Amino acid sequence: MRMLVTGGAGFIGANFVHTTLEERPDVEITVLDAFTYAGNEASLTGLEPRVTVVKGDIADAELVDRLVADSDLVVHFAAESHNDNSLANPWPFVQTNVIGTYTLLEAVRRHEVRYHHISTDEVYGDLELDDPARFTENTPYNPSSPYSSTKAASDLLVRAWVRSFGVRATISNCSNNYGPYQHVEKFIPRQITNVLDGVRPKLYGQGLNVRDWIHVTDHNRAVWTIIEKGQLGETYLIGADGEVDNRTVVEMILQQLGQDADAFDLVTDRPGHDMRYAIDATRLRTELGWTPIYEDFRSGLSQTVAWYRDNEAWWRPQKQATEAKYAAAGQ
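Plus 62 on top of the position in the sequence shown (first one is 1) and you've got my numbering.
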C-alpha cells in the first residue's frame, strides 16, 4: 500500500507513521509536511527508505495532485491546531484547515483515492462540568475558537464531497492526545518540561477545565481500525474515557517527577476557554471492536513523562522560543 500522510512530521502524524511502520510491513509512506514550527524532522529520523519526506503546503494544488495520484490512501493530519495561536492570528488556520482540506479533497476526487480525515472533539464546543452528557456522532457542531471553527468547516467539506461527488472518505473526531513527540507549547509537554527545568507549572484560571485524554498510540490504532473496518461516509468519535481536570494533570506530573503536588501557579484564564470535553466512543468500540491499550490515564502519563525525561535532545531546541512567546503574551 502506498500511503500519503499529511502533517506526518507533527505530533499525532509522526506517531502514526511510527505505529504504521511497526505494525504494517507492506506499507510505504510519503509524508507531506510544511515544516512550520510544529513539524520536526527529528521525529522521522531513521525511517528511510520506507518513508519519503516531501516539504510542501497542503494548499499547493499542483504538488498535492501529484502526490495523491501516486497514493492508494490519504490520511490527513495536517492542521494548525493551537488555540492560543488561533486567537492571536486566525488566518493560518483558515489557510491550512479549510483551503488545505479543500485542495486534498479535490485531488482525491480526481484520482478516486481513499481518504481519512482527522478532526477534533472541539468542533462540538464544550460541556458543563456537571453535565452527564458526552459528545456523540450526532452532537451538533458549536465551535468556540478560530481553531475549532476551521476544523468544523473542514469536516463539513468532507461530508459534502462524500455526498456530492462520491469521495470515499471517513472522518474521526478525537479527544485530547498526549504522548511522545508533542510540541512543548502544548499543555502536558509544557508542564513536564517546565518541571524538568525547575520552573513552576502555570494553570489557566483555577485549573478546573476538563479534557478527555487519550494516548496518541491509542488514537492512531483507532484510525487504522476505521480505515480498515469503518463505513465509508461515516464519522467515528475516538476517546478512551480519560476525563481529567487540568489541575489533577499538573499534580500528577509534579508527583511523578518527585515534586510537591501543589508546586504550581494560577494565571489569568484565556478568552473563550472551553470548560469540558467528553467523548462517547461507543460506536467505535461496539461496531468496529476497538479498545484502548492505555485505559488508565496515570499509566499513559507516566510513559509520557519518561519519554520527555529521556529525550531532551528532541524537545530542547523548541523550548526557549516557546517560553519566550508565552512570556511576551503574559502567559
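Here a beta-carbon is modelled for each residue, glycine too, at the ideal position from N, C-alpha and C. These numbers come from a predicted model, not from an experiment.
CB contact flag (isoleucine 300, alanine 325, <8 Å):
no
For aspartate 127, collect the residues of the same chain with a Cβ closer than 6 Å to its Cβ; drop the 5 residues on either side in sequence, then sort them by chain order.
Ala169
Minimum Cβ-Cβ distance from phenylalanine 97 to chain C less than 8 Å
Among the chains of the structure shown, chain C does not appear; only one protein chain is present.
Cβ shell of threonine 82 (< 6 Å), same chain only, five flanking positions each side left out
Val89
Residue environment, methionine 65, which counts as buried when at least 16 other CB atoms sit within 10 Å
buried
Does the beta-carbon of arginine 213 have 16 or more other beta-carbons within 10 angstroms, so that it is buried, or is it exposed?
It is worth fixing the name first, because residue 213 is lysine in this sequence and not arginine. Lysine 213 comes out buried.
Beta-carbon separation (whole angstroms), glycine 392 vs aspartate 331, contact threshold 8 Å
Actually they are not in contact, since the Cβ atoms of glycine 392 and aspartate 331 sit about 12 Å apart, beyond 8 Å.
Environment of methionine 314 [buried if 16+ CB atoms lie within 10 Å]
buried
With threonine 297 and asparagine 235 assumed to form a contact (beta carbons below 8 Å), what rounded beta-carbon distance in angstroms separates them?
7 Å
Shortest alpha-carbon distance to alanine 215 belongs to which of Arg225, Ser226 and Tyr203?
Tyr203
Does the distance from the CB of arginine 176 to the CB of aspartate 217 come in under 8 Å?
no
With DSSP as the reference, identify every bridge partner of valine 306, one or two as the case may be.
Arg273
So, helix, strand or coil for glutamate 296, using DSSP?
coil
According to DSSP, simplified to helix, strand and coil, what is isoleucine 74?
helix
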